[in-house]
Each structure stands twice: as C-alpha cells, then as structure tokens.
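A.B. asks:
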Amino acid sequence: MIQHFVYLSSDSTVPLGPGVPIPEAFQPGTSPAGRLVLDPLSRRVWVAGTEVNPALSVPQFRLLEALYNHRGSVVARQDLVVAVWGDEEATGVSEQALDALVRRLRDRLAGLDRSHDYLLTVRGYGLRLDNPPARS
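If you number the sequence shown the way the working numbering does, the last residue is 191 and the count never jumps.
1. Please report the straight-line C-alpha distance between A189 and R183, rounded to a whole angstrom.
2. Straight-line CA distance for D168 to D162?
3. CB A103 to CB A121, shorter than 7 Å?
4. Name the DSSP bridge partner or partners of T29?
5. Which of helix, strand or coil does DSSP assign to D134?
6. If you count every other CB in all the chains shown that lies within 10 Å of the CB of V177, and 16 or more means buried, which is it?
7. Of all the options E106, E144, L96, which has the alpha carbon lying nearest to the alpha carbon of R90?
8. Using DSSP's beta-bridge definition, name the partner residues of V177.
9. Are there 16 or more other CB atoms within 10 angstroms of the CB of Y180, so buried, or fewer, so exposed?
10. If I'm right that L119 touches L160 with Cβ under 8 Å, what's the distance once you round it to whole angstroms?
11. CA-CA distance, P95 and E150?
12. Going by DSSP, which residues form a beta bridge with V92?
13. Of all the beta strand (DSSP E) runs that stay within the bounds of the segment 111–171, which reach a length of 3 or more residues?
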C-alpha cells in the first residue's frame, strides 16, 4: 500500500491515504536517473531502491531537488540557499545553516547507501549531486 503525505511543517506530516501508483518513470530500479530517484510530484525519494522513510523534511527535499535538477553540475551555495529558503529569506541565512542542512541530508542518504557519497562539496563554490547508475 502506498501512502502519500502532505507537509505541514518541516517536522510533521499527515497521511493522505491510499494514492495513485507512482508513475513508471519514477519506479525505483527502472529510472535511468541513477541510484537516487526523486519524484517531485509525490515528493518521494529512493536511494539504492529503498524509499527514504520517514520522508525528508521540506528544506532537505528542496535542497536535494535543486541538486537533482542540475545533476552532475556544480550548484553555487547562494543558489542553494535561494532554492531552499527563497529570495526574501536568503539574506538572513547563515553559512552554518546550509552546512547543517547538507550534513543532515548526507546522513539520511548514507543511512540507505553507505557505499557512495551523493553530495560532493566543491570548495569555494557549492555542491554537486553525483548519482551513479542503478545497480542491476
């Protein structure tokens, strides 16, 4: 049974009940995207074929989505801050806040696949998502 959730805040969720099956393009193991699969419609993430559960917090998902949309490219730290917190809040966000968010997201992904570091730091610039091909 597939459950869908709506986010009320970064740390609380409410089940929406049984939902529509995941589109085939987002089925774990069938996507050419790699070992990490992100479905922006249902806001679900799979790592090495296993769904991230409990779901990522809203800021974690926004960070991962920004990197996922630019797979293989380096995304500047300031662009990540805007993607996660928005233009208006970006000026008040400290470097440490982004670092802490990246660390928590790395920990969540590593809990499902310790064999690979998905979030790579490019010193002095930003981050890059390294998403290797799915294992057969």
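Here a beta-carbon is modelled for each residue, glycine too, at the ideal position from N, C-alpha and C.
C.D. replies: On the basis of the data shown:
1. 18 Å
2. 10 Å
3. no
4. There is simply no residue 29 to check, as the chain begins at 56 and stops at 191 in what is shown.
5. helix
6. exposed
7. E106
8. G181
9. exposed
10. 6 Å
11. 26 Å
12. W101
13. 129–131
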